[in-house]
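As numbered in the numbering used here, residues 58 to 574 make up the sequence shown, in order.
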Amino acid sequence: MKLFKAMATISSWTLLSRIAGFIRDMLTAIVLGAGPLADAFFVALKLPNFFRRITAEGAFSAAFVPVFSGKLATEGKEEALKFARNTQSMMLLILIPFSILMVIAMPFVIYVIAPGFAGGNGRYDLAVELSRITFPYMVLISLVALLGGVMNAFDRFAPFAAMPLFFNLALIGALVYTMAGGNVPSAAHAMAFGVIGAGVMQLIWMIWQCVRIGAGIGLARPQMNGDMKKLFKLMGPGILGAGVAQVNLFIDIVLASFLPAGAISYLYYADRLYQFPLSIIGISIGVALLPMLSRAIKSENHPEGRALFGEALTVGTMLALPATAGLIVLAVPIIAALFEHGAFTADNTLMSARALQAYALALPAFIAVKILSSASFAAEDTKTPVRYAIIGSSVNIALSIAFLKPLGHVGIALATACGAWVNAALLTRAVLHKNPAVTWTTAETKQLLSLAFCAGLMVVTLILLQYAGLATLFPKNVIGKITHMFALVFAGMSVYFFAVFITGNMRHFKGLLQKRA
């Protein structure tokens, strides 16, 4: 399966998941709004996800997939699956006791990550209770990530790409159950149990998919052999880097917990929106690129590696620029259409939109980091991305503290963008120098400037449409807001891709599809 086809598969499932996620968030906004109950649940939701990004999507995947892909290419399927079996057993040996310890220590954990909750509103006790329910999800999703890495190495990307859809459907089910008068203490409790239900469904699905292709791995007595030592050695820098990134997120919560009630919720809703294009573009490219580039580098096929990287760079740039511009210019109508219903007020929309505009500035940088990091991980170089992730996260933390008083929750989002660009700039320079599969020529620079011009035309068009009073043509109800949002998005994308066509960039993209798809 060629890279573009793999990216399209992952992006399609991600798009379905994000649509379900927006439905979930709309229902969450209706039921929970942006108050104390929502703040407590969002902390409980973030906590297992922080550790998941270390044990599943972060350090582990970056180390496991290249090693597993390399063994598959050089030693065969049986040896690769033996390595995966030992890895899974070792993972359970570590994560189950850790999860039990965290559940027991949850009052202390919540006090550390959200000390402002102790001040009242009942947020502290509720956050402890909900986090004890959600935290075991970390074990389930870590196992899912291992099985997903196995599937991706066999170029079977769809099953793992569907995982977020399971998660969102489970939480939608929990919200519908609550709205129908289900017997639960609160909607937040129903959603917390929905998180665990999602993890169980995801794990069963991935086990079945692996068995279907003859890649069931089962369990074995954990052995600290040479392969495991190599895995842990590669994971070491990744754990450090991912740990710093998660500490950064923890500090964001700590700082936001001292702001007025609702700040954590504003950041959550804004984060969900900018994660939409990041997942469809950046994460999809990174996931598809890693096993393919690993095989190319392992076989010393540098022309193939450069072709794969160039393809990833072209697609990423062409999609990242309009997504960034659209989120900045259309922040208010997008949030109003998706969330301004029920307990979510117009003031909540404005506060969330300001955070979204700041987060959106980080989007091109994060996508570049995903692509460049995958190129490094494919070469079994986990140190370079981690080194610059630490620097970027340090900048983020320092600026979050500096911006908190003058800018409030928007300062936290803006600091994220600044840290992301520092990381991207340093990583670009390092990877271009060290990795033979990565190149940047004058042609890429010209294409970047040309696409930026196209995105600029889109921005001007959207601003003019809003100043011309396009919103007055639509009713103020839910359907009217959603229709207004889609009209603006359609107009913006039409202008952008027309500009891409007349500047000649579309010919390059079509050539890429014909060559690689």
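For every residue, glycine included, the Cβ atom is placed at its ideal position computed from N, Cα and C.
Query	Result
Should Ala400 and Gly92 be called a contact, given that it needs their Cβ atoms to be closer than 9 Å?	yes
Could you have a look at Ile447 and say whether DSSP puts it in helix, strand or coil?	helix
Taking only three categories from DSSP, how would you classify Pro221?	helix
Using 8 Å as the Cβ pair cut-off and three pairs as the minimum, do the segment 430-447 and the segment 285-295 touch?	yes
So Pro279 and Ser146 are in contact, right, with Cβ under 8 Å, and what is the actual spacing, rounded?	4 Å
Can the beta-carbon of Leu420 be found less than 9 Å from the beta-carbon of Ala482?	no
Just confirm the distance between the C-beta atoms of Gly468 and Ser457, as a whole number of angstroms; I'd bet it's less than 8 Å.	7 Å
Taking only three categories from DSSP, how would you classify Gly549?	helix
When you compare the CB positions of Leu138 and Val207, do they come within less than 9 Å of one another, or not?	yes
Can you list, in chain order, the residues of its chain whose CB lies under 8 Å from that of Lys572, leaving out five sequence neighbours each side?	Legend: pLDDT at Lys572 = 49, less than 50; position of this residue unreliable, value from coordinates given subsequently. The answer is none, since no qualifying residue turns up.
Beta carbon of Arg329, beta carbon of Asp82: below 9 Å?	yes
Are Gly373 and Ala425 closer than 9 Å when you measure CB to CB?	yes
Counting only beta-carbon separations shorter than 9 Å, does Pro93 have a partner in chain D?	Among the chains of the structure shown, chain D does not appear; only one protein chain is present.
Just verifying my parser: in three-state terms, what is the DSSP assignment at Pro105?	helix
Could you name the residues of the same chain whose beta carbon sits closer than 8 Å to that of Phe396, not counting the 5 residues immediately before and after it, in chain order?	Asp82, Met83, Ala86, Tyr326, Asn405, Thr406, Ser409
Should Ser551 be labelled buried (16 or more other beta-carbon atoms within 10 Å of its own) or exposed?	exposed
What are the boundary residues of the alpha helix (DSSP H) that includes His466?	466-491
Which same chain residues, not among the five before or five after Ile628, have their C-beta less than 7 Å away from its C-beta?	The requested residue 628 is not part of the displayed model; the chain covers only 58 to 574.
Out of curiosity, what's the CA-to-CA distance linking Thr402 and Phe98?	19 Å
With a threshold of 16 other CB atoms inside 10 Å of the CB of Pro635, please say whether the residue is buried or exposed.	Since the first residue of the chain shown is 58 and the last is 574, residue 635 is not available in this structure.
Determine the burial state of Gly251: buried for a count of at least 16 other Cβ atoms within 10 Å of its Cβ, exposed for fewer.	buried
When the Cβ atoms of the segment 531-546 are set against those of the segment 385-394, are three or more pairs found closer than 8 Å?	yes
Can you tell which of Leu203, Pro216, Met258 has its C-alpha closest to the C-alpha of Leu226?	Met258
Lys37 to Met148, Cα distance in whole Å?	In this structure the chain extends from 58 to 574, so residue 37 is not present and cannot be described.
At which residues does the alpha helix (DSSP H) containing Thr518 begin and terminate?	499-524
Taking Ile151 as the reference, which of Val304, Gly275, Val196, Ala548 has the closest Cα?	Val196
Pick out whichever of Val169, Val495, Thr540, Met159 has its Cα sitting closest to the Cα of Pro193.	Met159
Just the C-alpha distance for Met263 and Ala320, rounded to the nearest angstrom, thanks.	36 Å
Excluding five sequence neighbours on each side, which residues of the same chain lie with their C-beta closer than 8 Å to the C-beta of Met163?	Val185, Ser188, Arg189, Phe192
Using three-state DSSP, classify Asn358 as helix, strand or coil.	coil
Could you check what DSSP says for Arg278 in three-state terms: helix, strand or coil?	coil
Applying the criterion that 16 or more other CB atoms from any shown protein chain within 10 Å of the CB defines a buried residue, is Lys462 buried or exposed?	exposed
Can you have a look at Asn453 and say buried or exposed, based on whether 16 or more other CB atoms are within 10 angstroms of its CB?	buried
For Pro532, which of helix, strand or coil comes out of DSSP?	coil
How long is the line joining the alpha carbons of Gly362 and Lys286, rounded to whole angstroms?	27 Å
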